[in-house]
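Right, one structure below, let's go through it.
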Amino acid sequence: MSIGDTTVTVVGNLTKDPELRFTQDGTAVTTFTVASTPRVFDRAQVEWRDGEPLFLRCTVWRAYAEHVAESLAKGMRVIVVGRLRQRVWEAPDGSKQTSFEVEVDEVGPALRWATATVKKATRTTTAAQPVPAGAAGEEPPF
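Heads up, the sequence shown is in the working numbering, so the first residue is 125 and it goes up one at a time.
Structure representation (structure tokens):
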């Protein structure tokens, strides 16, 4: 994280299954949307009701992206911690558009109304990662 990043924590439900893709250089990226709906007490009706939902698009990269895509599914309640990012672009009609997204640092299932079994992921060595000395039958350089 950088100094000045806006860190957010969002608790909500996945609106659809996470989408795993790969960039041209083979880097994994998963995107998903979290819907967070506050509960509001209506004093006039003396009951709880749903407030306005907040939909936040979330992005996670590399091996973490693959773990998220394998572990989470539509409807699951999750806790997301990440950095809030603002994207600004010009629409075809010339109007300026803005969206907010979360660059994910941590994500996992919310366990208030669910249970989960955690399985440690095994690390694999790819072309993008250096091979430790001695792993390929080579002697260390010292």
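Using N, Cα and C, we set each Cβ at its ideal position, and we do this for glycine too.
Query                                                                                                                         : Result
Uninterrupted beta strand (DSSP E) stretches inside the region 144–180 (no shorter than 3 residues)                           : 152–160, 163–166 and 171–174
Val-242 - containing alpha helix (DSSP H), residue span                                                                       : Per DSSP, Val-242 belongs to no alpha helix (DSSP H) and is neither H nor E.
Beta-carbon proximity of Arg-209 to Asp-229, cut-off 8 Å                                                                      : no
Backbone CA spacing between Thr-241 and Glu-171 [nearest angstrom]                                                            : 35 Å
Inter-residue Cα distance where the pair is Glu-143 and Ala-197                                                               : 10 Å
Residue range of the unbroken alpha helix (DSSP H) whose run includes Ser-195                                                 : 186–195
Test item: CB-CB of Ala-152 and Glu-194 under 8 Å                                                                             : no
Beta-carbon contacts of Trp-237 that lie in its chain and below 6 Å, excluding the five residues immediately before and after : none
Cβ-heavy atom distance, Ala-240 to the ligand GDP, below 7 Å                                                                  : The ligand GDP is absent from the structure shown, which contains no ligand whatsoever.
6 Å CB neighbourhood of Thr-161 in its chain, flanking five on each side removed                                              : Asp-174 and Pro-177
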